[in-house]
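In the UniProt record's numbering, the protein residues as written are 1 to 460.
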């Protein structure tokens, strides 16, 4: 490319460049868009050598052309199985195979440098501190989705590590949690979206885990604020019987090392074909032979992924039900304790009412009492009547319970009314299974019932 003054400027020409640059409104983020943008802006006639001398600045400015408004625009993905349009535009505008991988890798590195440089300027000019963590969606060929196979590009002001050594451990912990809780799901989503476009088949052994480094890896380049962190292996998650959980790799039927995700019952470890990453080993294109077999394999993989998601939902539902059952049992045990046979009572000088003798009360087993739940105790309230039913409650209270089919829950409901503070009723009623739509009216009837002196309970 030549300037108007005749000075030659070396700019790589994309293979799909036309005779004339695209209009400004048609420019997109890909090599051709960047090339045509510079052709539109020119290389500064009348100032020979300026563009070459400040080439790095102009390249960064060209990248910035495509960024305004992206972070403040509505963050709505096109769908759970689709990439953003920018991904497709970049892939479609670059060649297939090795040349395309090289072009995208170079563009990625330029954008990474611009992002980190912008953060450094932000920190230096305004005295703040910025932490940037980025995990790629694609991985090395055949790499399991485990943290020790994943790396993260990180920006953090390098001078702070020297000022306070505790920063290194804090940043390392944050990056490791990001890799496990966000990086792995990012790779899973990338794989899911990629299946809609390509047939993901890959042969060959899995790569070795990334080498482990100290709490603070070396800056690249030395003394800078840019780092590459490698994920660390996660300890196996123990089951209720103390045995490690061993997820099964559905591709080979063999146990694999478990990993942590948002759910303790994480998805089986799968392997993803690299579509576009920094690895030099991602240059092979999926084989074009036996299209029918590849199509069947892709359909089977989609079914397996859907089954994984259904299993996760089922496991979560099972745990929720078990927790709800435990809470209900705790209330029932407490109710049985409060309403069981009592020893003769004697007047209490403190309240003027009769109290049970100080014989020890049976408490519900600790294993079924949820943490943070206020569990009723006989020692907290005075002797109560025999177990009540909706029939011997006041008309409004009892009628509401019966008309809304809450008869089976009534013992627990009435125990909550008599032994739990009013501000805790909402949570406790939800815990025993009262529908949300009935809560407000039910609590109103419970409050009116509490005003009835014959049914009130005084707390110690």
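Note that the Cβ used here is the ideal one computed from N, Cα and C, for glycine as well. The structure displayed is predicted, hence computed values, not measured ones.
When the Cα of residue 183 is compared with those of 231, 403, 443, 409, which residue comes out closest?
Checking every option, the nearest Cα to that of residue 183 belongs to 231.
If you count every other CB in all the chains shown that lies within 10 Å of the CB of residue 140, and 16 or more means buried, which is it?
Classification for residue 140: buried.
If you draw a straight line from the C-alpha of residue 17 to the C-alpha of residue 91, how long is it?
So the alpha carbons of these two residues sit roughly 16 Å apart.
Compute the distance between the beta-carbons of residue 154 and residue 203, then report whether it is under 9 Å.
No, they are not a contact pair.
Under the rule that 16 or more other beta-carbon atoms within 10 Å means buried, what is residue 122, buried or exposed?
That one is exposed.
Classify residue 428 as buried or exposed, calling it buried when 16 or more other Cβ atoms lie within 10 Å of its own Cβ.
Buried is the call here.
Which one of 441, 448, 22, 113 has the shortest CA to CA distance from residue 220?
For the residues 441, 448, 22, 113, the minimum Cα distance to residue 220 belongs to 113.
For residue 396 versus residue 445, is the C-beta spacing smaller than 9 Å?
Cβ distance < 9 Å, so residue 396 and residue 445 count as in contact.
Measuring CB to CB, does residue 200 end up less than 9 Å from residue 206?
No. Outside cutoff.
Under a three-way DSSP split, which group does residue 405 fall into?
Coil, per DSSP.
Are at least three pairs of beta-carbons, each pair with one atom in the region 67–86 and one in the region 46–58, less than 8 Å apart?
The region 67–86 vs the region 46–58: no contact.
Quick one: what does DSSP say residue 153 is sitting in, helix, strand or coil?
DSSP places residue 153 in strand when its eight states are reduced to three.
Thinking C-alpha only, which one of 11, 107, 314, 67 is nearest residue 42?
It is 11 whose Cα lies nearest to the Cα of residue 42.
By Cβ distance below 6 Å, which residues in the same chain neighbour residue 160 in space, the five residues on each side in sequence not counted?
If we look at residue 160 and ignore the five residues flanking it on each side, its Cβ neighbours are 167.
Keeping to the same chain, check which residues put their C-beta closer than 6 Å to that of residue 22; ignore five residues upstream and five downstream.
Hits under 6 Å: 36.
Please report the Cβ distance between residue 130 and residue 119, rounded to the nearest whole angstrom; I am assuming they are in contact, meaning their Cβ atoms lie under 8 Å.
Sure, about 4 Å apart at Cβ, within 8 Å.
Of the residues 94, 111, 127, 224, which one's Cα is nearest the Cα of residue 14?
With distances taken between Cα atoms, residue 14 lies closest to 94.
For residue 186, name the three-state secondary structure that DSSP assigns.
DSSP places residue 186 in helix when its eight states are reduced to three.
Per DSSP, what are the beta-bridge partners of residue 226 in this structure?
BP columns for residue 226 point to 155.
May I ask which residues mark the beginning and end of the alpha helix (DSSP H) holding residue 426?
That run of the alpha helix (DSSP H) goes 425–431.
Using the beta-carbon count (16 or more within 10 Å), is residue 414 buried or exposed?
Label assigned to residue 414: buried.
Between the Cα of residue 102 and the Cα atoms of 422, 173, 30, which residue gives the shortest distance?
Ranking 422, 173, 30 by Cα distance to residue 102 puts 30 first.
For residue 306, count neighbouring Cβ atoms within 10 angstroms of its own Cβ and tell me buried if that reaches 16, exposed if not.
Counting Cβ neighbours within 10 Å, residue 306 comes out exposed, since fewer than 16 surround it.
What does DSSP give as the partner residues of residue 197 in its beta bridges?
Beta-bridge pairing links residue 197 to no other residue.
Helix, strand or coil for residue 209 per DSSP?
Residue 209 falls in the coil class under three-state DSSP.
Please give me, in chain order, every unbroken run of the alpha helix (DSSP H) with length at least 4 that falls completely inside the region 71–98.
You should have 85–93.
Determine the DSSP secondary structure at residue 448, reduced to helix, strand or coil.
If DSSP states are grouped into helix, strand and coil, residue 448 belongs with the helices.
Quick check on DSSP: helix, strand or coil for residue 11?
Residue 11 falls in the coil class under three-state DSSP.
Which same chain residues end up closer than 8 Å to residue 78 when comparing Cβ atoms and leaving out the 5 residues on each side of it in sequence?
Cβ neighbours of residue 78 beyond the five flanking positions: 84, 85.
Tell me, to the nearest whole angstrom, how far the beta carbon of residue 180 is from that of residue 156; I am working on the premise that it is less than 8 Å.
The pair is not a contact, with the Cβ atoms about 19 Å apart (cut-off 8 Å).
Thinking just about the alpha-carbon of each residue, which of 412, 88, 132 is nearest to the one in residue 229?
Out of 412, 88, 132, 132 has the C-alpha closest to the C-alpha of residue 229.
Indicate the three-state DSSP secondary structure (helix, strand or coil) for residue 144 in the structure shown.
Residue 144: strand per DSSP, three-state reduction.
Less than 6 Å between C-beta atoms, sequence neighbours within five positions excluded: which residues of the same chain meet that for residue 143?
Result list for residue 143: 149, 207, in chain order.
Taking the straight line between their C-alpha atoms, what separation do you get for residue 169 and residue 108?
Rounded to the nearest angstrom, the two C-alpha atoms are 28 Å apart.
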